[in-house]
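For the record, in the sequence shown the residue sitting at position 162 is 167 according to my numbering, with numbers rising by one throughout. From the three backbone atoms N, C-alpha and C, an ideal C-beta is built for every residue, glycine too. One structure is given below, encoded as structure tokens.
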Amino acid sequence: MESSPPPVIAIDGPSAAGKGTVAQGVAGKLGFHYLNSGALYRAVALAALESGADLENEAKLSDITLNLKANFDRDAVKLEGRDVTGVLMTERISSAASRIAAVAGVRTALLERQRGFRLPPGLVADGRDMGSVVFPDARLKIFLTASPEARAERRYKQLMDKGMNANMTALLQDIRERDKRDSVRAVAPLKKCADAVLLDSTGVPAGAVVTQVLALYEERVKMAP
6 MESSPPPVIA IDGPSAAGKG TVAQGVAGKL GFHYLNSGAL YRAVALAALE SGADLENEAK
66 LSDITLNLKA NFDRDAVKLE GRDVTGVLMT ERISSAASRI AAVAGVRTAL LERQRGFRLP
126 PGLVADGRDM GSVVFPDARL KIFLTASPEA RAERRYKQLM DKGMNANMTA LLQDIRERDK
186 RDSVRAVAPL KKCADAVLLD STGVPAGAVV TQVLALYEER VKMAP
């Protein structure tokens, strides 16, 4: 008898909604693996920029993605053996990642790599299309959002804590533009799945959201046949 694949909790939502913090918190509580899909796209963006690739050249970007030599763990990302964790958080890389995420060839090239993170005892994955495309059979799907202002403030604090320069007005404009770009792109647009639970984290501490997700997951486990 074929065993069931490890359970997945998919947490999707717009930029700076707190997906990473919540996903890591849930994964830690459950002892599950964690997939930060955004870090994958940022790593591809960095590799593309460093190679001088045209971000509109799908064939070149797909090739870079397929040959990406990156390693990930909960706290660090290494590209070609060097730690690029801090670099991936810059607005330059964030903006480039948002652009290449709309490229069909890049998304296709990353699909199986992302699914490879699905290992026992389970996985918590965060991104834009974890529940809709990558793990459509996820045990629990969450769509985590927050107001653009709250997300800009979160992003501002995150950058300042890392010693990076940031401008609140520019961050808010970038978030609004990214929301629009992610929502209208032809490939895997950002949207709430019909079977996803909507959670708004505006003004809600990350720990409280983690507790909500854990309670929802426990309900799903009890309901499972």
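Of the residues the options, the one placed nearest residue i, counting alpha carbons only
i, options, result
"residue 111", "229, 189, 66 and 94", "66"
"residue 205", "10, 11, 19 and 8", "19"
"residue 74", "133, 80 and 85", "85"
"residue 126", "229, 37, 223 and 216", "37"
"residue 166", "194, 76, 95 and 99", "95"
"residue 34", "56, 212 and 55", "212"
"residue 98", "87, 61, 128 and 55", "55"
"residue 104", "39, 130, 190 and 155", "190"
"residue 208", "124, 149, 195 and 71", "149"
"residue 220", "158, 132 and 146", "146"
"residue 100", "44, 226 and 214", "44"
"residue 216", "11, 82 and 32", "32"
"residue 229", "188, 62, 16 and 142", "142"
"residue 222", "144, 118 and 72", "144"
"residue 17", "40, 10 and 210", "40"
Proximity test, residue i beta-carbon vs the ligand MN heavy atom, cut-off 7 Å
i, result
"residue 107", "The model depicted lacks the ligand MN and carries no ligand whatsoever."
Endpoints, beta strand (DSSP E) assigned at residue i
i, result
"residue 221", "No beta strand (DSSP E) contains residue 221, which is instead part of the alpha helix (DSSP H) from 211-228."
"residue 196", "Counting along the chain, residue 196 falls outside any beta strand (DSSP E), and DSSP gives it neither H nor E."
"residue 15", "13-17"
Distance between beta carbons of residue j and residue i, contact taken as under 8 Å
i, j, result
"residue 114", "residue 46", "Contact flag wrong, Cβ pair sits at about 11 Å."
"residue 109", "residue 192", "5 Å"
"residue 151", "residue 22", "5 Å"
"residue 177", "residue 157", "4 Å"
"residue 155", "residue 140", "Incorrect: roughly 27 Å between the Cβ atoms, too far for contact."
"residue 83", "residue 92", "That belief does not hold up - the Cβ atoms of residue 83 and residue 92 are roughly 11 Å apart, past 8 Å."
Per DSSP, the bridge partner or partners of residue i
i, result
"residue 204", "149"
"residue 269", "Nothing about residue 269 can be read from this structure; the chain reaches only from 6 to 230."
"residue 132", "17"
First through last residue of the alpha helix (DSSP H) which encompasses residue i
i, result
"residue 111", "109-120"
"residue 181", "173-189"
"residue 100", "96-105"
Could you give the uninterrupted runs of the alpha helix (DSSP H) lying entirely in the segment 29-89, keeping only those of 4 residues or more? 42-56 and 63-71
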